[in-house]
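Residue numbers (this note's numbering): 24 to 245.
One structure is given here, and the rest of the page talks about it.
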């Protein structure tokens, strides 16, 4: 059986619904007869079971199709957030584009923290940080001759990939993350879900921002 709660947002919504339902049951039991609270609880349990059943039936792995264009241009969808300007990622893209026509779409899913962290922080600050990383990446890639455009995507990386593939005819996908011990994307199986669900070649690039040193300049792809 597959987990019907496909994202942190789903878990958050479920917790909120359970909390509200429990409060209603307690309030009704205190205001009216306890039997009404029991009846309401039974009704809510039935609704909950129906929700879970529908979610389970609809949570089978799905297939996301890409729509490559039959020409000589290599189109790469790059998905990265904290590592968007990472040297290892930029070098990987440069190597893939060297000696051929190449278009890159860089998508940075914003707001990678937990829902509680989002409430406690400035959402605009998270968006600004994503844009700053993208700007550095775009500048570096254009500096070595790579044609690239960039945008902030859905907070859910897998949804961001699906959205991007609707408008960008990628031939392949490159996902960049922090090392396993630091990466929330790896914790939530973003890379594995992409391999399962997207019918395009996919490469995973790990960028250790703490270890990176700008030893030599990136080479031009021209």
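The beta carbon of each residue, even a glycine, is placed where N, CA and C say it ideally should be.
For residue i, which residues from the same chain have a beta carbon less than 8 Å from its beta carbon, with the 5 sequence-adjacent residues on both sides left out?
i           : result
residue 193 : 89, 91, 98, 99, 100, 128, 187 and 223
residue 112 : 101, 103, 106, 160, 197, 199, 228 and 230
Give the C-beta separation of residue i and residue j to the nearest angstrom, bearing in mind that I take them to be a contact with Cβ-Cβ under 8 Å.
i           : j           : result
residue 125 : residue 106 : Going by Cβ atoms, the distance from residue 125 to residue 106 rounds to 20 Å, so no, they are not a contact pair.
residue 157 : residue 195 : Not really, about 20 Å apart at Cβ, beyond 8 Å.
residue 161 : residue 171 : 5 Å
residue 164 : residue 116 : 6 Å
For residue i, I'd like the list of residues in its chain whose CB is within less than 7 Å of its CB, leaving aside the five on either flank, ordered along the chain.
i           : result
residue 109 : 199, 230, 232 and 235
residue 180 : 102, 132, 208 and 213
residue 218 : 225
residue 216 : 181
residue 154 : 175
Can you name the residues that DSSP bridges to residue i?
i           : result
residue 125 : 97
residue 132 : 176
What span of residues does the beta strand (DSSP E) with residue i cover, start to end?
i           : result
residue 228 : 225 to 229
From which residue to which residue does the alpha helix (DSSP H) around residue i run?
i           : result
residue 114 : 110 to 120
What does a CB cutoff of less than 6 Å around residue i pick up in its chain, not counting 5 residues either side in sequence?
i           : result
residue 42  : none
residue 183 : 130, 132, 176 and 177
residue 248 : Since the first and last residues shown for the chain are 24 and 245, residue 248 lies out of range.
residue 66  : none
residue 206 : 200
residue 123 : 97
residue 190 : none
Is residue i near the ligand GDP, going by C-beta to nearest heavy atom under 7 Å?
i           : result
residue 168 : The ligand GDP is absent from the structure shown, which contains no ligands of any kind.
Original post:
Residue ranges of each beta strand (DSSP E) run of no fewer than 3 residues wholly in the segment 134 to 221, ordered along the chain?
Top reply: 170 to 176 and 195 to 200
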